[in-house]
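Numbered according to the working numbering, the sequence shown spans residues 141 to 222. The structure appears below as structure tokens.
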Amino acid sequence: MVINQPGYHFAITLGKVERTVKLPLRTRLNEYPVEDEFAACCSGGFHYEEQFLGILDIGKLVINRSLSDVAADAGQPGEERQ
Numbered sequence: 141m142v143i144n145q146p147g148y149h150f151a152i153t154l155g156k157v158e159r160t161v162k163l164p165l166r167t168r169l170n171e172y173p174v175e176d177e178f179a180a181c182c183s184g185g186f187h188y189e190e191q192f193l194g195i196l197d198i199g200k201l202v203i204n205r206s207l208s209d210v211a212a213d214a215g216q217p218g219e220e221r222q
């Protein structure tokens, strides 16, 4: 996914892409623990089937220095890195 905001142009590699899913706004959870490096950048989310789909807040992502200063190693695909 490519993010293009004033002063920022970058891409995020998604682990999985879903088809279009309709999530009723009334079912949004604003307080739900997200257990990964994007937890500080999530603004709630939705339960869908057996999973929780977090809403990634791009504004929070671009000001998070620990995530915004990360670059991929062009030498090896991510799955092969140890």
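Even glycine gets a Cβ: it sits at the ideal position worked out from N, Cα and C.
Limits of the unbroken beta strand (DSSP E) element including residue i
i           : result
glycine 199 : Note, glycine 199: premise wrong, no beta strand (DSSP E); alpha helix (DSSP H) at 198-203.
valine 142  : 142-145
alanine 180 : Per DSSP, alanine 180 belongs to no beta strand (DSSP E) and is neither H nor E.
Member of the options whose CA lies at the smallest distance from the CA of residue i
i           : options                           : result
leucine 140 : Glu171, Phe186, Ile203 and Val174 : The requested residue 140 does not occur in the structure, where the chain is confined to residues 141 to 222.
valine 157  : Ile198, Gly199, Asn204 and Leu193 : Leu193
Per-residue burial, residue i [other beta carbons within 10 Å of its own, 16 or more giving buried]
i           : result
leucine 201 : buried
Beta bridge counterpart(s) of residue i as assigned by DSSP
i            : result
tyrosine 172 : Answer is none; tyrosine 172 lacks a bridge partner.
glycine 194  : Gly185
Neighbourhood of residue i by C-beta, 7 Å cutoff - its chain only, sequence neighbours within 5 removed
i           : result
leucine 154 : Met141
leucine 163 : Phe186 and Tyr188
Own chain residues within Cβ distance below 6 Å of residue i, not counting five before or after
i          : result
serine 183 : Ile195 and Asp197
Cutoff 8 Å; reference residue i; Cβ partners in own chain excluding five residues on either side
i             : result
glutamine 222 : Any reading at glutamine 222 must be qualified, since the residue scores a pLDDT of 49, below 50, and its modelled position is unreliable; the value itself is stated next. No residues qualify anywhere along the chain.
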